[in-house]
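Notes follow once the structure below has been shown.
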Amino acid sequence: MYSVEKTKSYNYVKQFDYALFVAVLILSIIGLFVLNSATRVMPGNINGDRIMLMQSLGFAIGVSLSIIISTIDYKDFKIIGIVLYIFSIILLVLVLFIGTGAQQGSQSWLRVPLIGSFQPSELAKITMVVFVSTFLERIKEGQKNKNGNIAKFAVYCMLPIGLVLLEPDFGTAMVFIFIIVVMVYICGLEYKYFWGCLLASIPVIILSWFFVLQDYQKSRILAFLAPEKYKQGASFNVTHSITAIGSGQIFGKGLYQGIQTQNAGVPVKESDFIFSVIGEELGFIGAMVVLVLIFFILIRCVYIAKKARDSYGSFLVIGLTGMLSIHFIENIGMCIGILPVTGIPLPFISSGGSAMVTNYIAVGIILSVSMRRQRTIFNNTQ
Amino acid sequence: MKERLKDRFFMFGAFLVLMGVVITGQLVNLQIVKGEYYDTQSQRRLLNNVQIVAPRGNIVDRNGIPIAVNRLGFVVQMIKTKTDTASLNEMLLRLVNIFEKNNDTYYKSLSKYLTINPFAFGSAVNQSESKLDKWKKEMAVKAKDVELMNTPEEVFRYLRTVKFKIDNKYTDEEAYKIMTMRYETLIRGYSSTSPIVLASDVSEETVAEVEERHNEFPGVTTDVEPKRKYIDAETTAHVVGYVRGLDQSEYERLKDSGYEMNDIIGKSGIELQAEQDLKGKDGQKRIEVDTGGRLTEEIDQKPAQPGNDVVLTLDLKLQKVAMDSLKKNIEMIRNKQGAANVKNNMGDAVAGSVVAMDVNNGEVLVLGNYPSYDPSVFLEGADNKEAQKIITELFDPNNEGKPAFNRAISGRYAPGSTFKPLVGIAGLEEGYITPDTIINDPGVYDVDGMRFTCMEYRNGQPAHGDLKLDRALATSCNIYFHKLGVMMGIDNIDKWARYFGLGDVTGIDIPNEAKGILAGKEYKKKVYNDEWRRADTAQAAIGQLYNAFTPIEMANYVSTLANGGKRFKPHLIKRVISSSDGSVVREEKPQYEQVPIKKETIDAVKKGMVAVTNAEDGTAVSVFHDFPFQVAGKTGTAETGDIHHSNNGVFICYAPANDPKIAIAVVIERGVFGYLAAPVAKDIMAEYFGLNGTGGTEDTVKPDEAVFTR
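Top line first, the protein sequences correspond to chains U and V. Just so we're aligned: 89 in our numbering is position 4 of the first sequence, and the numbers increase by one with no gaps anywhere. Just so we're aligned: 559 in our numbering is position 211 of the second sequence, and the numbers increase by one with no gaps anywhere.
Below you can see the structure in the form of structure tokens.
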């Protein structure tokens, strides 16, 4: 049903995107040190060593997977994508029935032997991007039956979002929406539609405030709007996170030396609030190093998307870039108190082996596109 | 430029860069502009989780008078701070020295494993090689270091130098003190987020000193915690029981049911019976502390839920009178003073027991034993030598008084003649006699080749001659009951004894009730593998042979007799109320079984029992002749088969005879005669009926006019 035109010969070693890959590696390695510091002192009976073990395993597996995936011609994903998409939809349905984590707010985790537990929605973000990019490509290239493709695109986007909302995990749903918005924007949707959507979302927001949002979600938003008033409750974590980051000043307290970090001062410092560890122990300089790495990676990805051989590759990369960027920005933003709290982790740094693996899968796909992109130099055989 | 704006990749990239700039701006704001402010904040905003110990429920008497309550005790606790080992050791030594100066006890778990002066392994490991090996492995920093730890002294050296890195400048004693504290931090999960308790229930001096010099004690703080306290401890010890700290195995078993390592748990009496009600639910609070562990702000708390209060049926005032009287009378008998100055008294009375019940609902008003003990000793730490000595003595089998033994529910005593009313009931109900049936007492009675002699006859007085039931009871004539017993056979006696709950547990709501022994064919076959003979019946009919009942069984028997055949399940817990709002959590309803007994039977026996305390030759008339209420009683002088000791004295009674309210059973071990136990019952009734000018417990009861004319 799909005709796949393979990229012709290429030199794997020469064309590998070292800049992106090395940046991600450095970020991950910094992340491992930061996580190690964060998990030295853990509240209750959480085993910090186990977290480190899972993280290192996830790192090793992730790096290997990304290299393997980068060798696959991304055009093959047009076919593999259908299977993966269906697979992750099945998992998303499954998690509604046998998932765990309901007491933390959303039933979004699946227990898997050996691996432990992972969130199907993490995988679904990638598979959705891989799958719906084919439709965007058709729309973009003006193939016939445009409306049909738009409808399919819409349906295949809605499906995972709907399932994630049933868990209910609003934070992840927001990530999905952001990814789609970025992809549609790049596809060239006229600005007036965006303004229209923005306008239409106002009544939706008002209605969901009264009928959909849970109390804890409302309090998070209220706490973000008026942190002093909600000091005891929802903004408690943020207050401590900000205190920790601010106390790092220019040079930081030094790795393993943070007062808040080493005294379990900031809640969930190993995951959602890991940026507070960076801020406190590595200081402004350390935080800037991490930020520069992150934005180098993101801008590099945008560049790869722009230069991709074909629109499919372009959409693929921009979708994954959207995913990474919303994670980076929202997570850091909430840690420093400029965005409301959601349970979105910091890629390559926050604890979670399965998140590490899925992020590296995304990197692998981006690498695959990057290696096969248009070159301005003359050895382009195309 | 316009081209660029149309490039949507460029626009997206620009958006990302903008975000990066915003984040950088906020970081500059937080870390550079306000950095110093947050740095000071950070020093005093460390999050701590603190356990709030739930106060144990109170135990109060029927009128709400407190028996077991809580007081506030001070604890010294510590969180982990950033200090080097040397200054930590130095600080801990200073702390121990403060404890010792003020005679405060501190946790010394290490002493169960290792002691010095002389070096030895402690009780937890010195019995078992495998336990010792396991402990050594836990202590070893590297696995092969176990080889360095053979003798207790080597273990001490190893812990000192390698494990805890205690400086050479300290003496062994000082090093051991430091080690003891460090060991606590090791086993109690020392962390910077929740404090561990180093010393519990310390003196105010220690608290003042630690607070005053808090700069010298980083991480050390003080707090208050509820502690069990018993009021009139000895008076109610056998009812209330005691609590103790959890031991290691209990903790392992119960830690999932909400128990913490430092918790106490009921071990006997009501404390054990109502553990579920009394134990509250610990709370937790989140606080912020500075780097020295001092509170800067309380964030929120989940308050502790105090345990529920238990209201007893016990009447504390009555209980006190009973316990005082029991003690006074036992001492009098032992010292052969006054009425106790009789022959057969070897001056060896040691112990006694008393139970009083409300005959109309089975509520236990009094339950106590002499000697008693102070349950507070069980709250003392393992290192309080004084308390440990007292506890050892309490359970010492050579201690004749056996103060920890709850005689009232666990002690079995031959009822002696107090069994006779029951035999009379069996005879009447089974149709072998009527109240007017005459049985002759010629002084002796031969059966199965055994000769039984009437006690008075043996002492040179005339035999009782022709007797009806009431006179037989009044004078406690043995021959009458030997004959009656043999006439109807043991099975008829036992049938009625079982109706009255004799030889069985009463089901009272405190643990460790013993089951009485009812002399009968079954028992003899089982224990002695021998056939039952008529001579056995003759002995059993006067409450001897194998017959042995607990005081609570006897009290319940006389209570059943008093109220016309309702055998209640005696109970001590009246209700359980919520300590927060006083609402009733549980109310104990009286439960009873109806004994199929005719009113005429009860009246006939009552007539005899009233004569015991009123007739000229009644066995207890000397005690009750001036008592303004008519009492139905029965004395019992029980032979124990031990000729080196005096007989046991037993007395059962109820009053007022015509409108029974209270039933009492008193047993005095080696109390010589039954009537010598009767004054205890009399004192209780005097208080109960308000004859002591204190208003009494039941002001509805009016003295029985008829008795005054006597």
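Just so you know, even glycine gets a beta-carbon here, dropped at the ideal spot from N, CA and C. It should be emphasised that the depicted structure is a prediction, and the values quoted were computed from it without experimental measurement.
- In the three-state DSSP reduction, V:Arg536 falls in the coil class, being neither helix nor strand.
- Setting aside the 5 residues that flank it on each side, U:Leu105 is surrounded in the same chain by Arg385, each with a C-beta closer than 6 Å to its C-beta; the list follows chain order.
- Cβ-Cβ distances below 7 Å link V:Asn911 to Val707, Asn708 and Pro1008 in the same chain, with the five nearest sequence neighbours on each side left out; the list follows chain order.
- For U:Lys210, the closest alpha carbon among the candidates U:Leu169, U:Ala236, U:Val197 and U:Ile183 is that of U:Leu169.
- The beta-bridge partner set that DSSP reports for V:His919 consists of V:Glu711.
- Rounded to the nearest angstrom, the Cβ distance from V:Glu935 to V:Val698 is 39 Å, too far for a contact under 8 Å.
- Less than 8 Å divides the Cβ of V:Arg882 from the Cβ of V:Val834.
- In chain order, Thr583 place their CB closer than 6 Å to the CB of V:Lys668, counting only its own chain and leaving out the 5 sequence neighbours on each side.
- U:Trp294 and U:Ile174 have their alpha carbons spaced roughly 28 Å apart.
- In chain order, Glu365 and Glu366 place their CB closer than 6 Å to the CB of U:Gly343, counting only its own chain and leaving out the 5 sequence neighbours on each side.
- For V:Met803, the enclosing alpha helix (DSSP H) begins and ends at Met803 to Arg806.
- Taking one beta carbon from each stretch, the region 386 to 404 of chain U and the region 347 to 361 of chain U have fewer than 3 pairs nearer than 8 Å; the two do not touch.
- Restricting attention to beta strand (DSSP E) runs no shorter than 3 residues, the region 681 to 748 of chain V encloses them at 699 to 706 and 712 to 718, ordered along the chain.
- Judged by DSSP in its simplified three-state form, V:Ala867 adopts coil rather than helix or strand.
- Against chain V, the beta carbon of U:Lys391 has neighbours under 7 Å at Phe357, listed in chain order.
- Inter-residue distance for V:Lys954 and V:Phe999 is about 15 Å (C-alpha atoms, whole angstroms).
- At the C-beta level, U:Val362 and U:Val119 come within 8 Å of one another.
- Distance from the CA of U:Lys237 to the CA of U:Phe220, rounded to the nearest whole angstrom, comes to 7 Å.
- Under the Cβ distance rule, V:Ile380 counts among the residues neighbouring chain U, one pair being separated by less than 8 Å.
- Against chain U, the CB of V:Ile371 has a partner CB under 8 Å away; the residue lies at that interface.
- For V:Ala1005, there is no enclosing beta strand (DSSP E), as DSSP marks it with neither H nor E.
- Beta-bridge annotation (DSSP): U:Met268 is not paired with any residue.
- The beta carbon of U:Phe263 lies closer than 7 Å to those of Gly407 and Ile411 in the same chain, with the five residues before and after it left out.
- Boundaries of the beta strand (DSSP E) around V:Phe422: Pro414 to Met426.
- Look at the region 398 to 415 of chain U: the residues with a C-beta under 9 Å from a C-beta of chain V are Ser399, Ile403, Thr406, Gly407, Ser410, Phe413 and Ile414.
- Shown here, V:Ala862 sits in coil according to DSSP, grouped into three states, outside any helix or strand.
- In this structure, DSSP gives V:Trp844 a helical state, which the three-state scheme calls helix.
- Within the same chain, and ignoring the five residues on either side of V:Pro790 in sequence, the residues whose Cβ sits closer than 7 Å to its Cβ are Ala811.
- Contact annotation: V:Asp794 and V:His993 have beta-carbon atoms that are not nearer than 8 Å.
- Within its own chain, no residue has a Cβ closer than 7 Å to the Cβ of U:Ile114 once the five positions on either side in sequence are excluded.
- Cβ contact annotation for V:Glu1035 (same chain, cutoff 6 Å, sequence separation greater than five): Leu666 and Val669, in chain order.
- A straight line joining the alpha-carbon of U:Ile451 with that of U:Leu401 spans about 8 Å.
- Residue pairing of U:Trp194 in beta bridges, as defined by DSSP: U:Thr185.
- Approximately 27 Å separates the beta-carbon atoms of V:Asn717 and V:Gly729; this is outside 8 Å, ruling out the contact.
- Scanning its chain for C-beta atoms nearer than 8 Å, with the 5 sequence neighbours on each side dropped, one finds around V:Ile526 the residues Asn437, Leu440, Leu441, Val444, Phe512, Ile514 and Tyr518, in chain order.
- Non-local C-beta neighbours of V:Asn895 in its own chain, meaning closer than 7 Å and more than five positions away in sequence, comprise Ala762, Pro763, Phe767, Ile865, Leu866, Ala867 and Ala888, ordered along the chain.
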